[in-house]
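To keep things clear, I will list the structure first and then write my remarks on it.
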Amino acid sequence: MKDKPKVLVGMSGGVDSAAAVKILLDAGYAPAGATFLLHDADAESGAQDAAEVCAALGVRHFVFDLRKEFSTRVIEPFLNSYVAGRTPNPCVECNRTVKFPELFRKADEYGFPFVATGHYARTAKRGGRILLLQGADKKKDQSYVLYNLKQEELARILFPLGGMTKTRVRAVAEKAGFTKAAAKPESQDICFIPDGDCAAFLRSRRPEEIRPGKFLTPDGTIAGEHKGMACYTIGQRRGLALAFGKPVYVTAKDPEANTVTVGGEEYLYADALTAESVNLISAEEIPDGMPAQVKIRYSQSAGPARLYPAGNGSVRVVFDEARRAITTGQSAVFYDGETVIGGGVIASVSGFRSPH
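Here this note's numbering is used: the first residue of the sequence shown is 821, the next is one more, and so on.
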């Protein structure tokens, strides 16, 4: 294996990373697995499952304890963002500050020229740049959470699953005998909040900052008392415990006043946002009025829009049609078809109007 390209594969212990190692091995690479311990909930089980896969394939497996780094770089900013009235995406932040930086650092330390993950995304070379493309399986595409990758990182990344469907990936794992990994269910919750109760997590970590306050209507009328501004997100309907005789949703939050505004669905729509800390992939700069399709959440479809440079690494996005529940703290990712133009964190929302 001395002459084979060495690649360090990030492994969670699930089916995707297990299949990625097998595919790379069959393709003539010399892979090794690397599992990061990020929080107590996954401190042992994922690493053990990944180790079993690597042992079965006869490849090395490394375990690195990054719980301190994860707490500092992901969990604390997550808490700070909620307290500031935003709704963050910790997966995006983890990829930006922990998983990829540490994977590259470990690859350099142990002499691996390439790294790989089980993400459903692809890369391609075009016009002197390396592009990030959506995965072939659009239902599983994960390019949204990868928009912070730099050119020098994309030059060394392999995405073995990018051209595959999830069904095919499970079949690869099953054929290789990785029945345990293939049978694992999809993870739907935030990894460090396994029960999905974000409000309870916030109260347990920042009890002094989760204080009761007032629910307001759009005209400023007091509508009731909330349990803590940070525990709500734009577009939320459940758990408000308000009697209006019609559905109402969280439409705005004011961290300074500790208020939460609720209203009908018509108050959720806006046609413009400003994204900050923008990372561009397919181009070095954005021309005024550049057409794009923009996703404002991982689970939502992209909408047609125009992009405008706004200075200081920011981009203003103006949608052709109003979008529902644009939320600060989430990421806006810009696409040209399957190609990721770039993306940034939503800092402000404007142009509120009814969709009708």
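Glycine residues also receive a C-beta, built at the ideal position from the N, C-alpha and C atoms.
One question on the structure: do residue i and residue j come within less than 8 Å of each other, judged by their Cβ atoms?
i     : j     : result
A936  : L952  : no
E1096 : G1133 : yes
K826  : F934  : yes
I1054 : T943  : no
T855  : G834  : no
G938  : S837  : yes
L886  : L857  : yes
V894  : T917  : yes
G1164 : A1090 : no
A1043 : V1082 : yes
M1110 : N1078 : no
A852  : V879  : yes
A1125 : R1173 : no
L845  : F920  : no
L1093 : I1166 : yes
L966  : I950  : no
E1105 : Q954  : no
L828  : Y930  : yes
A1002 : R990  : yes
Taking the straight line between their C-alpha atoms, what separation do you get for residue i and residue j?
i     : j     : result
A875  : H859  : 24 Å
F1074 : N915  : Sequence check: residue 1074 is Asp here, not Phe. Rounded to whole angstroms, D1074 to N915 spans 29 Å at the Cα level.
R1144 : G1084 : 12 Å
E1086 : V1070 : 11 Å
S1168 : R1026 : 25 Å
A1103 : S963  : 16 Å
A1130 : D1108 : 10 Å
S1151 : V912  : 8 Å
M984  : P1038 : 47 Å
L1060 : H1046 : 8 Å
I1101 : A956  : 19 Å
M821  : M831  : Confidence is the limiting factor: at M821 the pLDDT is only 45, short of 50, which leaves the residue's position unreliable, though a coordinate-based value still follows. Approximately 21 Å, taken between the alpha carbons.
F898  : N909  : 8 Å
V1098 : R1057 : 31 Å
Mapping DSSP to helix, strand and coil, what is residue i?
i     : result
N968  : coil
G1162 : strand
L1062 : coil
M821  : No answer about M821 holds up, because its pLDDT of 45 lies below 50 and its placement is not dependable.
V1068 : coil
D1156 : strand
D1140 : strand
A1090 : strand
E1096 : strand
D1108 : coil
T1081 : strand
L981  : coil
S832  : coil
A1130 : strand
Can residue i be considered in contact with the ligand NAD, in the sense that its beta carbon sits closer than 7 Å to one or more heavy atoms?
i     : result
R1136 : For the structure depicted, the ligand NAD is absent and the ligand set is empty, with no information on it obtainable.
Compare the C-beta of residue i with all C-beta atoms of chain D and state if any pair is closer than 8 Å.
i    : result
S901 : Chain labels in this structure do not include chain D; a single protein chain is all it has.
Could you give the uninterrupted runs of the beta strand (DSSP E) lying entirely in the region 850 to 901, keeping only those of 3 residues or more? 850 to 857 and 881 to 885
- Message: In chain order, what are the residue ranges of uninterrupted alpha helix (DSSP H) at least 4 long that sit wholly in the region 1005 to 1047?
- Response: Qualifying alpha helix (DSSP H) stretches, in chain order: 1018 to 1025.
Assess, as a yes-or-no matter, whether the region 1109 to 1116 is touched by the region 1063 to 1079 under the definition of 3 or more beta carbon pairs within less than 8 Å. No, the region 1063 to 1079 does not touch the region 1109 to 1116.
Worksheet entry | Completely contained alpha helix (DSSP H) runs for the region 904 to 976, where each covers 4 or more residues | 910 to 914, 920 to 930 and 971 to 974
Check whether the region 838 to 851 and the region 976 to 983 touch, using three or more Cβ-Cβ pairs below 8 Å as the test.
yes
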